[in-house]
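Contents: one structure, followed by commentary.
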Amino acid sequence: LATLSTPPTKSEWDTLSRMEAETGICVTEDPKISGKNGDALRLTDFVGPILGEEFMTKDYKDRTPEEQVEFSRWCSLFKWYSALARVGYSPTFEEEGKKK
5 LATLSTPPTK
15 SEWDTLSRME
25 AETGICVTED
35 PKISGKNGDA
45 LRLTDFVGPI
55 LGEEFMTKDY
65 KDRTPEEQVE
75 FSRWCSLFKW
85 YSALARVGYS
95 PTFEEEGKKK
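Counting from 1 along the sequence shown, just add 4 to a position and that's the residue number in the numbering used here.
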């Protein structure tokens with residue numbers, strides 16, 4: 005996973021955690037039934053609220069290249085979040101701006 009995308013920052017992790025609580029989507033459950041109303045998980049349902057109402061109502065083909073990139077970025081961050089959550093791993097973060 006690390007070779008494909010950058011892991012979430014603390015702020016991004018907190019946003020993803022908040023989305024799990026707000027959407028009621030449990031990322032550790034079976035994706036076939038863990039979406040809204042027991043349906044299959046849809047990434048748009050999870051990361052869409054992060055990107056806002058205008059994004060949520062826009063048809064895929066009408067999204068700007070920038071919106072597509074931002075959606076893809078949050079989908080990658082979701083993959084990190086859900087993979088780590090499924091194995092029960094809670095990451096720790098260095099203070100932002102602090103280097104090793």
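Using N, Cα and C, we set each Cβ at its ideal position, and we do this for glycine too.
| message | I'd like to check one pair, E26 with L81: are the Cβ atoms closer than 7 Å? | response | Here residue 81 corresponds to residue number 77 of the sequence shown, with the count starting at 1. Here residue 26 corresponds to residue number 22 of the sequence shown, with the count starting at 1. Their beta carbons are not under 7 Å apart, which means L81 does not touch E26 by this criterion.
| said: Quick check: what's the CA-CA separation for N41 versus P35? | reply: Locating residue 41 in the sequence shown gives position 37, counting from the first residue. Locating residue 35 in the sequence shown gives position 31, counting from the first residue. Taking the straight line from one Cα to the other gives about 12 Å.
| task | Could you tell me the distance, in whole angstroms, from the CA atom of T19 to the CA atom of Q72? | result | Within the sequence shown, numbered from 1, the residue matching residue 19 stands at position 15. Within the sequence shown, numbered from 1, the residue matching residue 72 stands at position 68. Cα-Cα distance, rounded: 19 Å.
| field | Residue range of the alpha helix (DSSP H) that includes F50 | value | Your numbering for residue 50 matches position 46 in the sequence shown. Start and end: L47 to L55.
| Ordered along the chain, which non-local residues of its own chain (more than five positions away) have a Cβ less than 8 Å from that of R90? | The sequence position of residue 90 within the sequence shown is 86, counting from 1. Around R90: V31 and T32.
| request: Specify the secondary structure class of E99 as computed by DSSP and reduced to three states. | output: Translated into the one-based positions of the sequence shown, residue 99 becomes position 95. If DSSP states are grouped into helix, strand and coil, E99 belongs with coil.
| field | Simplified DSSP assignment, three categories, for S94 | value | As a working note, residue 94 is residue 90 in the sequence shown. Coil.
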